[in-house]
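Worksheet: one structure, shown below.
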Amino acid sequence: MSAVIDHGHAGHDHHHGPAKGLMRWVLTTNHKDIGTMYLWFSFAMFLLGGSMAMVIRAELFQPGLQIVQPEFFNQMTTMHGLIMVFGAVMPAFVGLANWMIPLMIGAPDMALPRMNNFSFWLLPAAFSMLVSTLFMEGGGPNFGWTFYAPLSTTYAPESVTFFIFAIHLMGFSSIMGAINVVATILNLRAPGMTLMKMPLFVWTWLITAFLLIAVMPVLAGVVTMMLMDIHFGTSFFSAAGGGDPVLFQHVFWFFGHPEVYIMILPAFGAVSAIIPAFARKPLFGYTSMVYATASIAFLSFIVWAHHMFTVGIPLTGELFFMYATLLIAVPTGVKVFNWASTMWRGSMTFETPMLFAVAFVILFTIGGFSGLMLAIAPADFQYHDTYFVVAHFHYVLVPGAIFGIFASAYFWLPKWTGHMYDETLGKLHFWMSFIGMNMAFFPMHFVGLAGMPRRIPDYNMMFANFNMVSSIGAFMFGATQLLFLFIVIKCIRGGKAAPAKPWDGAEGLEWTIPSPAPYHTFQTPPDVK
Amino acid sequence: MSEALSTRRLVIRLCVVVVAMFGFGFALVPIYDVMCQAFGINGKTAGVYEGQQAVDEQRQVRVQFLATNAADMVWEFGPQADEVVVHPGDSTQMLFVAYNPTDKPMTAQAIPSVAPSKAAAYFHKTECFCFTQQVLQPGERIEMPVRFIVDRDLPADVRHLTLAYTLFDVTARKPPVAQVTLTRAAP
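Here the protein sequences come in this chain order: L and E.
Under our numbering, think of the first position of the first sequence as 1496, with each following residue one higher.
Under our numbering, think of the first position of the second sequence as 234, with each following residue one higher.
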């Protein structure tokens, strides 16, 4: 199941290729192997989390309770969120980082290859533990992916302790991955690769890595407090002992808001590589892109309470967090305009990566706009905890993060496998995903504005039609992802041989090495002019 | 290998950041408490108030009382009057009644909250049953006083505030000692 098949092209005869058999994957320290494992793992989690979404949409196909009980429905919404956030999106970006960052900066490998192996293998352990809770007595986590106390402490199922340790393991994995990325980017750049010459994907990942290092420990802290409240008699979040449940939300969202940028910034970077390649123009405003990314990262630390407008914070607090949140639209707008300007008067062609990238720009902007609506504190009192919020964050995560990952996968698949993917099927995948995703999530705006609450398995009759449309779109989107699996496997097994640089407008060191990328690359640093 | 050395140095620094941020997560707990008390966020009230104030006879403020049982709490619990009208600066007392209908001794903790939350910083309690825990023997009933002063500096637009108590069963946490306790007599 490897994307790295061939190792004969490089001509480094004295270097051994990959070891044979299963132990290659268990013991590997090769950034390409580990990147491949991350990507496969995240795709497996994407399908698992996706099938939970299918359960949710099947139950919501009609009003009333048909398929699952409310208890199980709650577990599905919770696990869907947790698995998609921590299991699908984040590892996919770490996989892309592992594969591409050394190739983009001319490094032979990641800076800490053994730790790299460890940080990957923590993930299967963490998610086995998390998913196993579904089969335990009392069921798995049912308190929403944001696990607000006291739902996740006083009223949690017994299995919550496993959930806590799973989060700890994921946190360790992410922190180690982030340290590795920072060390690689800061220390292993080829001579001449100055910071402001780095591809934007490397830049956005560097900033993402700092975000991870800053906030994953806070997440570890908040679940540790939960653990202590549940088992050791402390009262961080229990009002009876002098604690405060609202404190949980503050600490959680101090992690949680940077987290949503962790899930989107690498996609910004990938799209900033793909759009210039297919517009056949250099990226418009490279420097402003770097500064915009850094500004978004900085602002992400001072806006967390916009998730909590309705808990009863003072008016000055509401105003501060509202204005700070609205401010994020400025650097984000800079990025969107830069992408549009890059396309402006370009010689554009629309291969699959470009289709996903253009859809990313348009649909992410829609998600950004609904985010602006939610940022308006007085209006948020109506939108809070409705399907409007669900529509918003799925518009930034599905056509944002996920389309960014699809675009990256199609863009770099020829480099990974040495074969071109099937363009016809790729376009089919895009259009099915595009239509399915919009059908699934666009109606949620309407039902949300009309007051349909999120995380409830039943709903008012008046929402029935829109929900049925949503479910049909979701089934379409879900089924289409099996097509993606087929396309990737087909591409690994064969297809038109890919040249070193399959996209004529593409730029960067990764296109100077043969396709598929040899097992060892840049043993001697390339010359960067 | 200077590269290995600089990587090691960088990794150590990043690990320090990780540990510091883990600590920061916990530091948010006292920071939050301080912020809540400083700004009256979330309706949290401060501890015992020692000061005295001149009474502002010109102004009247309605103080409503609310008593709620937390989930699984079985005591009967409520104020003796739903509301009183007070002058800012004046010291007022209200009695709350609690009754343990079970056949076991139980410990309870009342948690106060003031609404609107911006008024919390101006609501001073000189004496309150919420400062301690209450132990009630089976079938025992007590009257519990709260004595408070509404600050003279209470913002002018607040004419009406609510003091809400939620009563939690903390028997498991603080097992009641076999003795009759602290029904402090009303002065």
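For each residue, glycine too, the CB sits at the ideal point set by N, CA and C.
Would you verify that the beta carbon of residue 355 of chain E is, or is not, closer than 8 Å to some beta carbon of chain L? For the purposes of this step, residue 355 of chain E is taken as the residue at position 122 of the second sequence. No, residue 355 of chain E lies away from the interface with chain L (no Cβ there is under 8 Å from its Cβ).
Only counting runs of 4 or more residues, tell me where the alpha helix (DSSP H) segments fall wholly within the region 1496 to 1583 of chain L, in order along the chain. Taking only runs of at least 4 residues, the alpha helix (DSSP H) segments lying wholly in the region 1496 to 1583 of chain L are 1517 to 1522, 1526 to 1554, 1565 to 1577.
Pick from L/1695, L/1710, L/1711 that is closest to residue 1784 of chain L, judged by C-alpha positions: Working through the first sequence from its first residue, we reach residue 1784 of chain L at position 289. Nearest option by C-alpha distance: L/1695.
Of all the options L/1812, L/1766, L/1827, which has the alpha carbon lying nearest to the alpha carbon of residue 1793 of chain L? Along the first sequence, one-based indexing puts residue 1793 of chain L at 298. Of the listed residues, the one whose Cα sits closest to residue 1793 of chain L is L/1827.
How big is the Cα-Cα spacing for residue 1644 of chain L and residue 1589 of chain L? To locate residue 1644 of chain L, count along the first sequence from 1; it is residue 149. To locate residue 1589 of chain L, count along the first sequence from 1; it is residue 94. Cα to Cα, residue 1644 of chain L sits roughly 30 Å from residue 1589 of chain L.
Alpha carbon to alpha carbon, what distance is there between residue 1944 of chain L and residue 1892 of chain L? Sequence index remark: in the first sequence, residue 1892 of chain L carries index 397 (1-based). Sequence index remark: in the first sequence, residue 1944 of chain L carries index 449 (1-based). Those two C-alpha atoms are separated by around 20 Å.
Could you tell me the boundaries of the alpha helix (DSSP H) in which residue 1678 of chain L lies? As a first step, residue 1678 of chain L must be located in the first sequence, where it is residue number 183. Where residue 1678 of chain L is concerned, the enclosing alpha helix (DSSP H) stretches over 1655 to 1682.
Counting only the same chain and skipping the five closest in sequence on each side, list residues whose C-beta sits under 6 Å from that of residue 1569 of chain L. Counting from one through the first sequence, the residue named residue 1569 of chain L turns up at place 74. Cβ neighbours of residue 1569 of chain L beyond the five flanking positions: 1637.
So for residue 1460 of chain L, helix, strand or coil by DSSP? Here chain L covers residues 1496 to 2024 and nothing more, so residue 1460 of chain L does not appear.
Rounded C-beta distance between residue 294 of chain E and residue 394 of chain E? I'm assuming under 8 Å. Position 61 of the second sequence, counted from the first residue, corresponds to residue 294 of chain E. Position 161 of the second sequence, counted from the first residue, corresponds to residue 394 of chain E. Confirmed, Cβ separation roughly 7 Å.
From residue 296 of chain E to residue 1806 of chain L, what distance separates their C-alpha atoms? As a working note, residue 296 of chain E is residue 63 in the second sequence. As a working note, residue 1806 of chain L is residue 311 in the first sequence. The alpha-carbon atoms of residue 296 of chain E and residue 1806 of chain L are separated by roughly 23 Å.
Return yes when the Cβ of residue 1856 of chain L is within less than 8 Å of the Cβ of residue 1831 of chain L, no when it is not. For the purposes of this step, residue 1831 of chain L is taken as residue 336 along the first sequence, with counting starting at 1. For the purposes of this step, residue 1856 of chain L is taken as residue 361 along the first sequence, with counting starting at 1. Yes, they are a contact pair.
Got a sec, what are the start and stop residues for the alpha helix (DSSP H) residue 1877 of chain L sits in? For the purposes of this step, residue 1877 of chain L is taken as residue 382 along the first sequence, with counting starting at 1. 1872 to 1878 is the extent of the alpha helix (DSSP H) around residue 1877 of chain L.
Tell me, please, whether the CB atom of residue 1742 of chain L is closer than 8 Å to any CB atom in chain E? On the first sequence, residue 1742 of chain L is found 247 positions in, with the first residue counted as 1. Taking Cβ atoms only, chain E reaches closer than 8 Å to residue 1742 of chain L, which makes this a yes.
Selection of the region 260 to 279 of chain E by Cβ proximity to chain L, strictly under 7 Å: For the region 260 to 279 of chain E, the set of residues with a beta-carbon nearer than 7 Å to any beta-carbon of chain L comprises 261, 262, 265, 272, 274, 275, in chain order.
Cutoff 6 Å; reference residue 1577 of chain L; Cβ partners in own chain excluding five residues on either side: Position 82 of the first sequence, counted from the start, is the residue given in the question as residue 1577 of chain L. For residue 1577 of chain L, where only same-chain residues beyond five positions count, the Cβ hits under 6 Å are 1640.
DSSP on residue 338 of chain E, reduced to helix/strand/coil? Indexing the second sequence from 1 puts residue 338 of chain E at position 105. Here residue 338 of chain E sits in coil by DSSP.
Where do the ends of the beta strand (DSSP E) carrying residue 327 of chain E lie? Indexing the second sequence from 1 puts residue 327 of chain E at position 94. Unbroken beta strand (DSSP E) run through residue 327 of chain E: 324 to 332.
Closest Cβ-Cβ distance between residue 324 of chain E and chain L: below 8 Å? Residue 324 of chain E sits at position 91 when you count from the first residue of the second sequence. It does not: the Cβ of residue 324 of chain E has no partner Cβ on chain L nearer than 8 Å.
Does the Cβ of residue 1498 of chain L have 16 or more other Cβ atoms within 10 Å, making it buried, or fewer, making it exposed? For the purposes of this step, residue 1498 of chain L is taken as the residue at position 3 of the first sequence. Any reading at residue 1498 of chain L is ruled out, since the residue's pLDDT is 47, under 50, leaving its predicted position unreliable.
Count the other C-beta atoms from every protein chain shown that fall within 10 angstroms of the C-beta of residue 263 of chain E, then say buried if there are 16 or more, exposed otherwise. If you number the second sequence from 1, residue 263 of chain E lands on position 30. Here residue 263 of chain E is exposed. Its C-beta has fewer than 16 other C-beta atoms within 10 Å.
Using 10 angstroms around the beta-carbon of residue 1650 of chain L, count the other beta-carbons present and answer buried if the total reaches 16, otherwise exposed. Sequence index remark: in the first sequence, residue 1650 of chain L carries index 155 (1-based). Exposed.
Same chain only: Cβ atoms within 6 Å of residue 1701 of chain L, ignoring 5 sequence neighbours per side: Sequence index remark: in the first sequence, residue 1701 of chain L carries index 206 (1-based). Correct list, in chain order: 1680.
Could you tell me whether the region 1959 to 1977 of chain L touches the region 1932 to 1942 of chain L, where touching means 3 or more Cβ pairs closer than 8 Å? The region 1959 to 1977 of chain L vs the region 1932 to 1942 of chain L: in contact.
So, is the C-beta of residue 1601 of chain L closer than 8 Å to a C-beta in chain E? The residue labelled residue 1601 of chain L in the question sits at position 106 within the first sequence. Not a single C-beta of chain E is nearer than 8 Å to the C-beta of residue 1601 of chain L.
Distance cutoff 8 Å, beta carbons only. Does residue 358 of chain E sit that close to anything in chain L? Here residue 358 of chain E corresponds to residue number 125 of the second sequence, with the count starting at 1. No, its Cβ sits nowhere closer than 8 Å to a Cβ of chain L.
Would you list, in chain order, the members of the region 296 to 312 of chain E that have their beta-carbon closer than 9 Å to a beta-carbon of chain L? Taking 9 Å as the Cβ-Cβ cut-off against chain L, the residues of the region 296 to 312 of chain E that qualify are 303, 304.
Buried or exposed by the 16-neighbour rule on C-beta atoms within 10 Å, applied to residue 1747 of chain L: Taking the first sequence and counting its residues from 1, the one referred to as residue 1747 of chain L is at position 252. Within 10 angstroms of the beta-carbon of residue 1747 of chain L lie 16 or more other beta-carbons, which makes it buried.
Inter-residue spacing [alpha-carbon to alpha-carbon] between residue 1657 of chain L and residue 380 of chain E: As a first step, residue 1657 of chain L must be located in the first sequence, where it is residue number 162. As a first step, residue 380 of chain E must be located in the second sequence, where it is residue number 147. Those two C-alpha atoms are separated by around 46 Å.
Within the same chain, show all residues whose beta-carbon is closer than 6 Å to that of residue 409 of chain E, passing over the 5 residues directly before and after it, in chain order. Locating residue 409 of chain E in the second sequence gives position 176, where the first residue counts as 1. Listed in chain order, the non-local C-beta contacts of residue 409 of chain E below 6 Å within the same chain comprise 338, 340, 368, local neighbours out to five positions each way being set aside.
Under 7 Å between beta-carbons, which chain E residues line up against residue 1712 of chain L? List them in chain order, please. For the purposes of this step, residue 1712 of chain L is identified with residue 217 of the first sequence, where counting begins at 1. Near residue 1712 of chain L (Cβ distances below 7 Å), the residues of chain E are 251, 254, 255, 258.
By DSSP, does residue 2026 of chain L sit in helix, in strand, or in coil? In the structure as shown, chain L begins at 1496 and stops at 2024. Residue 2026 of chain L is therefore absent and cannot be evaluated.
Residue 356 of chain E in three-state terms, based on DSSP: Position 123 of the second sequence holds residue 356 of chain E. Looking at residue 356 of chain E - three-state DSSP - the assignment turns out to be strand.
CB of residue 1526 of chain L within 8 Å of CB of residue 1551 of chain L, strictly: As a position in the first sequence, residue 1526 of chain L is number 31, starting the count at 1. As a position in the first sequence, residue 1551 of chain L is number 56, starting the count at 1. No, the Cβ-Cβ distance between residue 1526 of chain L and residue 1551 of chain L is not below 8 Å.
Cα-Cα separation, residue 1818 of chain L to residue 1837 of chain L: Position 323 of the first sequence, counted from the first residue, corresponds to residue 1818 of chain L. Position 342 of the first sequence, counted from the first residue, corresponds to residue 1837 of chain L. Roughly 30 Å separates the two Cα atoms.
Which value, in whole angstroms, describes the spacing of the CA atoms of residue 1780 of chain L and residue 1833 of chain L? Counting from 1 along the first sequence, the entry for residue 1780 of chain L is found at position 285. Counting from 1 along the first sequence, the entry for residue 1833 of chain L is found at position 338. Residue 1780 of chain L and residue 1833 of chain L: Cα-Cα distance of roughly 6 Å.
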